[in-house]
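Reminder that position 56 of the sequence shown reads as 177 in our numbering, one-by-one numbering, no gaps.
No residue lacks a Cβ here, since even glycine has one placed at the ideal position from N, Cα and C.
Reading through the structure tokens given below for one structure.
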Amino acid sequence: MIPELPLDQVRTLLAVVDEGTFDAAAAALHVTPSAVSQRVKALEQRTGRVLLVRTKPVRATESGQVVVRFARQLARLERDAYAELGMNGDDEGPTRVSIAVNADSLATWLLTALARVPQDPRICFELRREDQSRTATLLREGRVMAAVTSSPDAVAGCAVRALGRMRYLAVASADFAERHLAGPLPAALAAAPVMTFDRGDDLQDGFLRDWAGIPAGPVRHAVPTSEGFVEAIAAGLGWGMVPEVQAEPLL
């Protein structure tokens, strides 16, 4: 017989991960910190695994991520069932939907799509910006409920739906091109200053490697917003990969 996971313990673990500390989770659940600690300990004993790393903020272990993901899915199913049965009370708080999304999607199409989501029952969105190659990791760790990702592989317990293609263009200002991009273009791009979102952004490197088998150069400017990224390129700070929809007005 498969042992059950007590729902109060599962919900408590999720609260600790979301709130970051046992005390904050206790306040959110309207119980004592001691009760939170006891529930988490009981769940760890039941699963036979350590579920939390007791740091500040608290982090879920690999096993804990499985339970957290289960807790989020359970909460969503519970809300859906209550809504279909007409059991949502007037004082019922909104459903929180956390989404990991890359900056370019956030700046171009995602907000318009979210604005079309019906608000009955009420939903509040919590967006976490991350590179498209790493958003699935947040979903796998149970830190978000959904992700816009470049990975076609489904995270355990989740489904994948294709959203379409986002076409990127390698762009630079006219002045920048005149100063840095004379001669054979692949080698010139590799030697020229390049724009990135952060140290984990490898889109420009990937483009050059696929095209010419070489990475981008060592002079890298980091601008962590999609709008600022485009503005920096237009100002001549470096070249970079920009979504076609953002690049077109400037071409």
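Straight-line Cα distance separating residue j from residue i
i, j, result
"C279", "S272", "13 Å"
"D201", "P127", "20 Å"
"E373", "A149", "What is shown of the chain runs 122 to 372, which leaves residue 373 out entirely."
"R190", "S226", "24 Å"
"Q159", "V138", "15 Å"
"E165", "A196", "20 Å"
"R286", "W230", "12 Å"
"T346", "K162", "41 Å"
"L172", "V340", "42 Å"
"R379", "L198", "The question about residue 379 has no answer, for the chain in this structure spans 122 to 372."
"D129", "H151", "13 Å"
"T133", "L206", "25 Å"
"C245", "I220", "11 Å"
"D323", "S155", "45 Å"
"Q325", "R249", "22 Å"
"G327", "A368", "19 Å"
"R300", "T216", "52 Å"
"A303", "A312", "11 Å"
"D331", "F297", "23 Å"
"G185", "V281", "23 Å"
"G321", "L371", "26 Å"
"E140", "V157", "12 Å"
"V222", "P314", "26 Å"
"D274", "A267", "13 Å"
CB-CB length for residue i against residue j, believed under 8 Å
i, j, result
"W360", "V265", "About 32 Å separates the two Cβ atoms, so there is no contact after all."
"A356", "S294", "7 Å"
"V276", "Q253", "Wrong, their Cβ atoms sit about 14 Å apart, outside the cutoff."
"A204", "P239", "Between P239 and A204 the Cβ distance is about 11 Å, and since that is not below 8 Å, they are no contact."
"V131", "V187", "That pair is no contact at about 11 Å."
Reduced DSSP secondary structure (H/G/I, E/B, other) of residue i
i, result
"F318", "coil"
"I220", "strand"
"M354", "The residue you asked about is not Met; residue 354 is Ile in the sequence shown. I354: helix per DSSP, three-state reduction."
"V292", "strand"
"E262", "coil"
"R180", "strand"
"P370", "helix"
"H151", "coil"
"L173", "strand"
"G361", "strand"
"E125", "coil"
"A275", "coil"
"L206", "coil"
9 Å Cβ cutoff met for residue i and residue j
i, j, result
"T153", "A147", "yes"
"M316", "V344", "yes"
"V218", "E251", "no"
"E348", "Y289", "no"
"T182", "V174", "yes"
"L284", "R193", "no"
"F318", "A224", "yes"
"H342", "L358", "yes"
Is the number of C-beta pairs between the stretch 330-343 and the stretch 305-321 that are closer than 8 Å three or more? Result yes; three or more Cβ-Cβ pairs closer than 8 Å.
Three Cβ pairs or more, each shorter than 8 Å: is that satisfied between the stretch 231-242 and the stretch 346-366? Segments in contact, no.
Touching by the beta-carbon criterion (3+ pairs, under 8 Å), the stretch 253-262 and the stretch 161-179: Too few Cβ pairs lie closer than 8 Å, so no.
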